[in-house]
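As C-alpha cells, the structure follows; a few thoughts come after it.
In UniProt numbering, the protein residues as written are 1 to 321.
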C-alpha cells in the first residue's frame, strides 16, 4: 500500500484492490511467467505439475486420507485435499499425522474401525520448530517407536519449512544436530525422510504420495490389509524395550546437484533410465543417493530467476521474452 500498488478499503472488514500501478505490475509479472513457461517448454525442461487426485476405488472401497485430530491445521488439510479431488476425513490416529484407508462400501460418513482397511503408508509431519521441541523430550523417540510398532511398512517423516523457523534462532549447531537425527531415521530406522518448504508444498506432496499409493496398490492387486482397529491395537502396544535399530551398513553414491539435474533432463528428453548411472551401486534398494549441494543449486537458480524478473520490471520497453 505504501508503494501505491494496493488500495485498502476503510472498513471493519476491509477489502483490497489493485491501483493502476498495481495492475500494470501484475500484468508484467503475468507476462514474465508466461514467457518463462514457454521457455521451459521450448527447452524441454521437465516439470512436476500440481497433481489432481482422481477418486480411486478398490473392491467398491473408496480411498480416503485420514488427518489426525491433533494436527493443528487439520480442517485446512481436509478442505484443500477435497478441493484436489481427494476424499479426506479427520480422525484420531494412534500413530502419525496422515494415513490412507479403504472405506467400507456403505460407510458414508461413519467411522467403522473394524471394517476400514489401512493402506501401508504412514506420515509424521513436523515443522523444524516442532522437531527441535520433540527431540528435547521423550516425544520424538516415543513417536518413532510407535510408528515402527504399528505394522505399517512404509513410514514417512516429513519436515516442513526451514531451520530458520526455529524459535530463538539457536544457531547452526542445532540444525546439524537435527539433521543427524533425520539421517539416523533414514539410515537406521528405514524411514523415508522428506522436506517441503511450505504448508502448501506439503499438501502437494501428500497428493503426490496419494497418487503413488493408488498406483502401487492397483499394480499389486488385492492384498490382505489390516483393519484400522488392528492398526490402533498395534500402535498402542508400546514395546517394553525400544525396537532395535538396524545399523546395517548402507551403500550410497554422491552426485553433485548439477549432475543430478542434468540426468533428470536427459531422462526426460531421451526416455533414459534415471538409474542407469547407478549400476555400480550394489543392492540399490538398500542404498541411498546423496545430492550434494542441491539446496545451494536451487537457491542459485531462484536468484537468477528473481534477477531476471527485477531487470524486466525496471527496464522500460523491454519485453518478457
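Ideal Cβ placement from N, Cα and C applies to all residues, glycine included.
Owing to the predicted nature of the structure, the values given are computational and were not obtained by experimental measurement.
Give the C-beta separation of residue i and residue j to the nearest angstrom, bearing in mind that I take them to be a contact with Cβ-Cβ under 8 Å.
i, j, result
"residue 71", "residue 97", "5 Å"
"residue 158", "residue 123", "6 Å"
"residue 139", "residue 95", "Not confirmed; about 13 Å, so no contact."
"residue 129", "residue 167", "5 Å"
Consult DSSP for residue i and reduce its assignment to one of helix, strand or coil.
i, result
"residue 88", "strand"
"residue 134", "helix"
"residue 169", "coil"
"residue 233", "helix"
"residue 112", "coil"
"residue 45", "coil"
"residue 315", "coil"
"residue 71", "coil"
"residue 60", "coil"
"residue 308", "helix"
When you compare only the Cα positions, how much space is there between residue i and residue j?
i, j, result
"residue 93", "residue 84", "23 Å"
"residue 31", "residue 132", "42 Å"
"residue 236", "residue 134", "19 Å"
"residue 88", "residue 205", "15 Å"
"residue 116", "residue 142", "25 Å"
"residue 228", "residue 24", "54 Å"
"residue 136", "residue 156", "21 Å"
"residue 100", "residue 184", "26 Å"
"residue 298", "residue 149", "37 Å"
"residue 181", "residue 303", "30 Å"
"residue 9", "residue 301", "38 Å"
"residue 153", "residue 121", "7 Å"
"residue 257", "residue 307", "21 Å"
"residue 211", "residue 263", "24 Å"
"residue 312", "residue 213", "43 Å"
"residue 21", "residue 33", "19 Å"
"residue 69", "residue 63", "19 Å"
"residue 4", "residue 14", "17 Å"
"residue 221", "residue 38", "40 Å"
"residue 195", "residue 109", "32 Å"
"residue 75", "residue 125", "15 Å"
"residue 191", "residue 44", "33 Å"
"residue 217", "residue 36", "37 Å"
Return the bridge partner residues of residue i from the DSSP annotation.
i, result
"residue 100", "65"
"residue 8", "16"
"residue 227", "117"
"residue 195", "159"
"residue 144", "DSSP lists no partner for residue 144."
"residue 127", "160"
Are the beta-carbon atoms of residue i and residue j separated by less than 8 Å?
i, j, result
"residue 91", "residue 66", "yes"
"residue 118", "residue 231", "yes"
"residue 61", "residue 105", "yes"
"residue 19", "residue 27", "no"
"residue 234", "residue 151", "yes"
"residue 203", "residue 77", "yes"
"residue 200", "residue 193", "no"
"residue 175", "residue 127", "no"
"residue 225", "residue 103", "no"
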